[in-house]
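Take a look at the structure below.
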Ligand SMILES: [Zn+2]
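Numbering (the numbering used here), first residue to last: 166 to 342.
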């Protein structure tokens, strides 16, 4: 019996097909375990997310037509920086909290020449959801960074669907080009 509704021809393949979208893991710092890497993309990409209690994960707010109550639960902004994690040997998405972005002048101003700089993300204290701090420092060596990635495409893949261009008050000053 075919699992494909209405399909007569199963999909046979000796090799697993390539992923339709390349997957980049999202990393968040843990207490006493920082995240560090060279920034691959020129700027941070931010998106408004809602926590889904039933799915126990964040989903992108679609903006108009969103079923969430925006007065009680407005979408929360999260920023994502593509960095080269030398330990893992691959590109990951470092999750920057709203406050961490606000506290860093480069991120707060939507600086668009971050590529090649070094990001360190730390979580203070012992609480799992303790305050996060983002430090960005220059690094003057050519490390042969991989090309920038399509962060939006990666986030759409992770959070479900294409969010509209954000016009939340929280994102003022952040470039979304
Ligand atoms: Zn929403």
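Every residue gets a Cβ at the ideal spot worked out from N, C-alpha and C, and that includes glycine. Note that the structure is predicted; figures quoted are calculated from it, not measured.
The beta carbons of residue 196 and residue 292 sit closer together than 8 Å. In the DSSP annotation of this structure, residue 322 is not part of any beta strand (DSSP E); the continuous alpha helix (DSSP H) holding it starts and ends at 316-324. Annotated three-state conformation of residue 289 is coil, per DSSP. Every residue with a CB closer than 5 Å to a heavy atom of ligand 1 is listed here in chain order: 226, 231, 233, 240. Restricting attention to beta strand (DSSP E) runs no shorter than 3 residues, the stretch 221-284 encloses them at 222-225, 241-250, 255-261, ordered along the chain.
DSSP, reduced to helix, strand and coil, places residue 177 outside both helices and strands of the structure shown, so it counts as coil. Burial is judged here by how many other beta carbons sit within 10 angstroms of a residue's own beta carbon; residue 262 has at least 16 and is buried.
Under DSSP, residue 299 shares a beta bridge with 286. With a 10 Å radius around the Cβ and a threshold of 16 neighbouring Cβ atoms, residue 210 comes out buried. Residue environment: residue 303 is assigned as exposed (fewer than 16 neighbouring CB atoms within 10 Å of its CB, all protein chains considered).
In the structure shown, the three-state DSSP call for residue 209 is coil.
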